[in-house]
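Here the structure is laid out as structure tokens; the discussion comes afterwards.
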Amino acid sequence: PHFLFNTLASIDHLIEVDPPRASQMQKNLIALLRASMPTMREASDGGVRDLGRELAVIRPYLEILKVRMEERLSTVIDVPEGLLSAEFPPMMIQTLVENAIKHGLEPKPEGGSLKVKAEVLHGALAVSVADTGLRFGRAATAGTGVGLANIRERLQLLYGRRASLTVTENQPSGTVVTVTVPYKPIAGAGAMA
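Numbering of the sequence shown is given in my numbering, commencing with residue 1 and proceeding in unit increments.
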């Protein structure tokens, strides 16, 4: 809700000072809502989706944040097209990206960069979210760790010991959080990204 209200307030402000940016931000908000509504339903059902559909939520979210944070945020999504059809639990990447922005990049005066990367390692799909912000737990906004605990619990329920979540320090600064799940392509998936 905070993100939605902040975004609407930003659009309202931009309508007065920069209508083309307001329009672009509104289009990204529509794309985000369109992509995330089915994801939320499927997450509550305990299901899985494909990586492409998860990225369809992340891309407009990051575009909105780039308007709000301006030059303080740069982003890279490094996901080979062949992995877009890989099975991946809904809402996990979004949680990791939100954490990286809120606790790592927004509190850092100069901001930084965020990179979402996916690769197959030893037969498993590894999806990482790396930021160059404040290190894990260093921000005044440091969370309670509930988001990461929820991801660990969901991974355990879905995959048992075949999945993991790791948190490491990024160099020269920031945090890298990696979710590793069994690599399993979904037939006919991946077209949404």
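Note that beta-carbon positions come from the ideal geometry of N, C-alpha and C, so glycine has one too.
### Query
From Ile-15 to Ser-23, what distance separates their C-alpha atoms?
The residue you call residue 15 lines up with position 15 of the sequence shown. The residue you call residue 23 lines up with position 23 of the sequence shown. If you take the alpha carbons of Ile-15 and Ser-23, they lie about 8 Å apart.
### Query
Run through DSSP, which three-state label would Gly-82 get?
Residue mapping note: residue 82 aligns to position 82 of the sequence shown, counting from 1. Here Gly-82 sits in helix by DSSP.
### Glu-98 - DSSP class collapsed to helix/strand/coil
Along the sequence shown, one-based indexing puts residue 98 at 98. Helix, per DSSP.
### Message
How far does the alpha helix (DSSP H) with Ser-113 in it extend, from its first residue to its last?
### Response
Counting from one through the sequence shown, the residue named residue 113 turns up at place 113. It is not in any alpha helix (DSSP H) - Ser-113 instead sits in the beta strand (DSSP E) that spans 112-121.
### Message
Rounded to whole angstroms, what is the Cα-Cα separation between Ala-187 and Arg-49?
### Response
For the purposes of this step, residue 187 is identified with residue 187 of the sequence shown, where counting begins at 1. For the purposes of this step, residue 49 is identified with residue 49 of the sequence shown, where counting begins at 1. Taking the straight line from one Cα to the other gives about 11 Å.
### Query
If Leu-114 sits next to Leu-105, beta carbons under 8 Å apart, how far is it from one beta carbon to the other, in whole angstroms?
For this step, residue 114 is matched to residue 114 along the sequence shown. For this step, residue 105 is matched to residue 105 along the sequence shown. Sure, about 6 Å apart at Cβ, within 8 Å.
### Task
Confirm, please, whether the CB-CB distance from Thr-166 to Thr-175 is below 8 Å.
Taking the first residue of the sequence shown as position 1, residue 175 is located at position 175. Taking the first residue of the sequence shown as position 1, residue 166 is located at position 166. No, Cβ-Cβ distance for Thr-175 and Thr-166 is not below 8 Å.
### Task
Have a look at the DSSP bridge pairing and note the partners of Arg-49.
Sequence index remark: in the sequence shown, residue 49 carries index 49 (1-based). Note: Arg-49 sits in a beta bridge opposite Phe-88.
#### Entry: Boundaries (first-last residue) of the alpha helix (DSSP H) holding Thr-7
The sequence position of residue 7 within the sequence shown is 7, counting from 1. That run of the alpha helix (DSSP H) goes 2-17.
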